[in-house]
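Below is one structure; the comments refer to it alone.
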Amino acid sequence: MTHFAFNVSLIAKILVLHAIMESVINVIKDGFQILLKEFVIQHKEINKQQEINNVMIATKLNKMDVFYLNFNARIFVNHVQWDYV
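All letters in the sequence shown, in the order written, are residues -19 to -1, 1 to 66 by mature numbering (1 follows the signal peptide of the UniProt record, and there is no 0).
Encoded structure:
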C-alpha cells in the first residue's frame, strides 16, 4: 500500500468515525430534549395538582371558618338570650 493510499484510507476512516460520532451525539441530544420536555410537562402537571389541592384546602378552611363562626355566634346568641331572659 502506498503512502497516498494509506492517507486516503485513514482520512476515510476518520470521516466515517466522525459521522458515527455525530449521529450518536444527535441521538443523545434528542433523547435529552425528550426527557427535558417530559420533565417540564410532569412539573406543570404537579404544579396544577398542587394549585388544585391548595384551592381545595382553602375552600375547606373557609367552610370550617364559617362553621366555627356560626357555631360561636349561636353560642354567643344563646348566652346573650339566657342572660337577658
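Idealized CB from N, CA, C, for every residue including glycine.
Coil, strand or helix - residue i by DSSP
i	result
residue -15	helix
residue 66	Only weak support is given to the placement of residue 66: the predicted model assigns it a pLDDT of 46, under 50, and the question is left unresolved by the model.
Own chain residues within Cβ distance below 6 Å of residue i, not counting five before or after
i	result
residue -5	none
Same chain, Cβ closer than 8 Å to residue i, neighbours up to 5 away in sequence not counted
i	result
residue 17	none
Beta-carbon contacts of residue i that lie in its chain and below 7 Å, excluding the five residues immediately before and after
i	result
residue -3	none
residue -8	none
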